[in-house]
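Numbering-wise (the working numbering), the sequence shown opens with residue 2 and increments by one. First up is the structure itself, then whatever we jot down about it.
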Amino acid sequence: MTTPDVTWPRQVGPLVLRPPSSADVDQVLAWRNHPDVTRWLLRTVVDPDAFREKWLASVDDPADHSVVADLGGVVVGTGSLSVHDGEGQIQGDVWRGAEGSLGYLIDPAHAGRGFATAIARALLDVGFHDLGLHRVTAGCFAANAASWRVMEKLGMRREQHGVQDSWHAELGWLDGYTYAVLRSEWTATP
2 MTTPDVTWPR QVGPLVLRPP SSADVDQVLA WRNHPDVTRW LLRTVVDPDA
52 FREKWLASVD DPADHSVVAD LGGVVVGTGS LSVHDGEGQI QGDVWRGAEG
102 SLGYLIDPAH AGRGFATAIA RALLDVGFHD LGLHRVTAGC FAANAASWRV
152 MEKLGMRREQ HGVQDSWHAE LGWLDGYTYA VLRSEWTATP
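In structure tokens, the structure reads:
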């Protein structure tokens with residue numbers, strides 16, 4: 002969502018990051034349900050109508066900073082940064098809206114070009130510099146090396162290795178990873 006704290010669109014290399022529009026949904030759905038994409042998602046194939054409704058509703062949610070990555074009029078990826086309260090004791094307000102959850106998807110036809118890293122880097126920058134978040138986390142199946150490599154390139158640290166904590170419809174119980182980075186660490190990152 003565009004708020005006083007966050008403005009879109011943003012140029013990130015050859016990509017333009019901007020909030021999703023109804024015209025983008027069909028482009029995303031053309032690859033969102035592709036087996037190369039759904040293989041690594043917790044929610045695999047999505048119903049197009051339900052996906053469209055939920056995604057367009059996110060544009061008005063001040064805690065949801067979802068974007069599409071536009072490359073010359075073609076949506077080649079998506080990114081999300083969801084803001085939520087931190088965990089712990091509830092005295093004061095410092096914990097309210099202090100954490101974020103990061104996600105990204107790339108059209109398989111455009112994979113391997115650094116777009117996931119660019120999208121994630123831009124959303125981390127939004128989270129820490131524009132929104133003042135304290136911490137951002139992201140997770141993936143441990144077998145999804147492409148995803149955890151993106152997180153490591155960005156300086157995120159692997160904080161959790163869950164042994165067989167994630168059910169995969171084709172592969173059974175798999176290990177999962179959780180990564181995180183703090184604002185103080187991100188500020189120090191070049």
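Beta carbons: idealized from backbone N, C-alpha and C, even for Gly.
- Message: With distance defined between alpha-carbon atoms, name the residue in Tyr180, Gln161 and Gly156 nearest to Glu186.
- Response: Gly156
- Item | Backbone secondary structure at Glu100 - three-state DSSP | strand
- Query: Can you round the beta-carbon distance between Gln165 and Leu175 to whole angstroms, since I take them to be within the 8 Å contact cut?
  - Reply: 7 Å
- Entirely enclosed alpha helix (DSSP H) segments - the stretch 75-160, minimum 4 residues: 116-126 and 146-154
- Task: Specify, as a first and last residue, the run of the alpha helix (DSSP H) that Trp32 falls within.
- Result: Ser23 to Arg33
- Message: Quick check on Ala58: does DSSP put it in helix, strand or coil?
- Response: helix
- Query: Which residue from Ile107, Ala24, Ala31 and Gly87 puts its Cα closest to that of Leu138?
  - Reply: Here the sequence assigns Thr to residue 138, which means Leu is not the residue at that position. The shortest Cα separation from Thr138 among Ile107, Ala24, Ala31 and Gly87 belongs to Gly87.
- Task: Name the residue from Thr118, Phe142 and Ala123 whose alpha carbon lies nearest to the alpha carbon of Glu153.
- Result: Thr118
- Item | Length of the line joining the Cα atoms of Val182 and Val151 | 13 Å
- Query: Hey, quick one: how far does the beta strand (DSSP E) through Asp37 stretch, first residue to last?
  - Reply: It is not in any beta strand (DSSP E) - Asp37 instead sits in the alpha helix (DSSP H) that spans Pro36 to Thr39.
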